[in-house]
Amino acid sequence: MADQFSDAVQDVDVDHIEESHPVEVEVKCSADIFYVMFKEDMTQLTNHFPQYFKSAELLEGDGKTVGTVRLWKYALPGHPADEEFTVKETITKVDDENRSITYCVLEGSCLLNTYKDFAVTVSVTPKEGAEDSECIVRWCFDLAKEHEDVPHPHPYIELVDFISKELGSILPN
Numbered sequence: 001m002a003d004q005f006s007d008a009v010q011d012v013d014v015d016h017i018e019e020s021h022p023v024e025v026e027v028k029c030s031a032d033i034f035y036v037m038f039k040e041d042m043t044q045l046t047n048h049f050p051q052y053f054k055s056a057e058l059l060e061g062d063g064k065t066v067g068t069v070r071l072w073k074y075a076l077p078g079h080p081a082d083e084e085f086t087v088k089e090t091i092t093k094v095d096d097e098n099r100s101i102t103y104c105v106l107e108g109s110c111l112l113n114t115y116k117d118f119a120v121t122v123s124v125t126p127k128e129g130a131e132d133s134e135c136i137v138r139w140c141f142d143l144a145k146e147h148e149d150v151p152h153p154h155p156y157i158e159l160v161d162f163i164s165k166e167l168g169s170i171l172p173n
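In full-length UniProt numbering, the protein residues as written are 1 to 173.
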């Protein structure tokens, strides 16, 4: 089974990105605390935001390093509350020095039915002059469309904007 996931990771075509959608959010939280949440404890999103993140299952890896594979069940803003999506994602890049992680979609009931490739990078930097009590979270959605009529990833952008701001009040400072 591990070989199946390793082969799938090699098939992700991150170099064939047709669009990038950056999002920048100011968060009232230390950059280190926010980054560690996504690097080491990302599955806690199911506890913090059960209305959006229904479950997270570690399928391969340690949950923190390149090659980790997780299966998520989730809901999206603007969709019916009982409409549930699934996504299998993998960590493809971790840069602790720059507090940056890239996730690529391997399978997904919504994402890969809509986009040919879908990757998201989250980068966290301390906000200047905030004495480590605030940070800037930058999300970048890189995607390749199957055709021109593919919709903008607005629900995903809305979701990361919401969770970034809300995590600032949830995570300790």
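C-beta atoms are modelled at their ideal positions from N, C-alpha and C, and glycine is treated no differently.
Note that the structure is a prediction, hence the values are computed from the model and not measured.
- At a cut-off of 4 residues, the continuous stretches assigned as alpha helix (DSSP H) that sit fully inside the UniProt domain "Bet v I/Major latex protein" (16-173) are 31-40, 45-48, 111-114, 154-170.
- A direct Cα-to-Cα measurement between residue 26 and residue 150 gives close to 29 Å.
- For residue 157, the CB contacts under 8 Å within the same chain, skipping 5 residues up- and downstream, are 21, 23, 139, 141 in chain order.
- Separation of the CB atoms of residue 73 and residue 55 is rounded to 5 Å, and the pair is thereby assigned contact status at 8 Å.
- An exposed status is given to residue 93, since fewer than 16 other beta-carbon atoms sit within 10 Å of its beta-carbon.
- Of the candidates 59, 60, 76, the residue whose Cα lies closest to the Cα of residue 50 is 76.
- Around residue 135, the same chain offers 27, 29, 30, 31, 34, 124, 125, 126, 127 as residues with beta carbons nearer than 7 Å, after the five sequence neighbours per side are excluded.
- Restricting attention to 130, 143, 172, 164, the CA atom closest to the CA of residue 113 is found in 143.
- The shortest C-alpha to C-alpha distance from residue 146 to any of 168, 111, 131 is the one to 111.
- Residue nearest to residue 36 within the set 117, 154, 95 is 95 (criterion: CA-CA distance).
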